[in-house]
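Working notes, beginning with the structure itself.
Number of protein chains: 2
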Amino acid sequence: MEVSTKHFRKRDAILTYLRSTDIHPSAEMVFTQLKPEIPDLSMGTVYRNLNLFKQQGLAVSVATVKGVERFDGNTEPHVHFICQDCDAVIDLMDMNVPESLKAVAAQCCGGQVEGCQLSFTGICCNCLDNQIKGGKAV
Amino acid sequence: MEVSTKHFRKRDAILTYLRSTDIHPSAEMVFTQLKPEIPDLSMGTVYRNLNLFKQQGLAVSVATVKGVERFDGNTEPHVHFICQDCDAVIDLMDMNVPESLKAVAAQCCGGQVEGCQLSFTGICCNCLDNQIKGGKAV
DNA sequence: GTTGTAAATAAGAATTGTTCTCATTTAGGA
DNA sequence: TCCTAAATGAGAACAATTCTTATTTACAAC
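Keeping their order, the protein sequence lines are chains A and B.
Per this note's numbering, the first sequence runs over residues 70 to 207.
Per this note's numbering, the second sequence runs over residues 70 to 207.
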């Protein structure tokens, strides 16, 4: 009872993982996650398929954190919080970007607006806790 | 009538250029711009000082476009438009991020919000024009 | 002036994230 | 079985960035 043919097993595994997680993984995080169950997976395949998903609109690049691109299988535009300490990329699902802004942006620049991205940076609650409990002076 | 001592001439030149332009240059763009007037400038110095400015809050990193970090000497939070065709990063000065959003974000994630970034992607007016005039099919 | 010290720098090596190349495997049709 | 096109692994190649080291510079103490 195979869900996917052998031919696309890796591609499917990458997309499935991307859709199942909310950690907004980098290519390497995807690789590390899937390697144990797919021992002959290679980084090339991960990058190749992530880029393919971007082209096809099955995934988006949500941020570049310390030089590393982060991906999201949730292509609905939503807001992110990026922790400067642990590099976590966290969904702020309760917030949404005012749809009206896109129209305003188009007017401002006179061009054709296709996407928008709102993200906050700071220290996430976990890292805040650790800083206090661990006595790590800020 | 030297504005800066010889010791800081390069650092100052980089910051001055960064503040004088609105093209949101990459490290290489800064280098290329200043090299003619400062022939012995090196890329190491550009990167070193850009990172220093970021730490000191004199500059910010506004985006990573096709793997290349882009800088801004204007540290006031404002909105950007990124052209997917020519990689231009353009200020949308008429728009501003609702200050209230930051508070909402802090509530959402329970962490400490320090900055926020709103950017739109699409095709800028120049590239739109070129596509039409040049007859380049999309 | 000379000496000493710390910061700034140039040059290029090293590192790292990403893309490319090419030989191999696989699927599916003729 | 043969053929073709797509997917892949492995590692080379590439590009952006950081690191290393020797040199230069400013400036203060002598």
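Note that beta-carbon positions come from the ideal geometry of N, C-alpha and C, so glycine has one too.
> residue 156 of chain B to residue 135 of chain B, Cα distance in whole Å?
Replying inline: 8 Å
>> Between which two residues does the beta strand (DSSP E) holding residue 187 of chain A run?
In response: 181-192
>> Determine whether the beta carbon atoms of residue 180 of chain A and residue 197 of chain B lie at a separation below 7 Å.
In response: yes
> chain A partners of residue 98 of chain B, CB-CB under 8 Å?
Replying inline: Within 8 Å Cβ-Cβ: nothing; residue 98 of chain B doesn't reach chain A, min ~18 Å.
> Of all the beta strand (DSSP E) runs that stay within the bounds of the segment 81-163 of chain B, which reach a length of 3 or more residues?
Replying inline: 129-134, 137-141, 148-152, 158-161
> Does DSSP put residue 166 of chain B in a helix, a strand or coil?
Replying inline: coil
> Is the Cβ of residue 89 of chain A closer than 7 Å to any Cβ of chain B?
Replying inline: no
>> Residues of chain B with CB closer than 8 Å to the CB of residue 192 of chain A, please, in chain order.
In response: 180, 181, 183
> What number of angstroms, rounded off, separates the C-alpha of residue 98 of chain B from the C-alpha of residue 78 of chain A?
Replying inline: 43 Å
> Between residue 119 of chain B and residue 96 of chain B, which are expected to be in contact by the criterion C-beta below 8 Å, what is the C-beta distance as a whole number of angstroms?
Replying inline: 6 Å
>> Given a cut-off of 7 Å on the beta-carbon distance, is the pair residue 139 of chain B and residue 129 of chain B in contact?
In response: no
>> Let's test the definition: count the other Cβ atoms within 10 Å of the Cβ of residue 113 of chain A and tell me whether it reaches 16, buried, or not, exposed.
In response: exposed
> What number of angstroms, rounded off, separates the C-alpha of residue 171 of chain B from the C-alpha of residue 175 of chain A?
Replying inline: 24 Å
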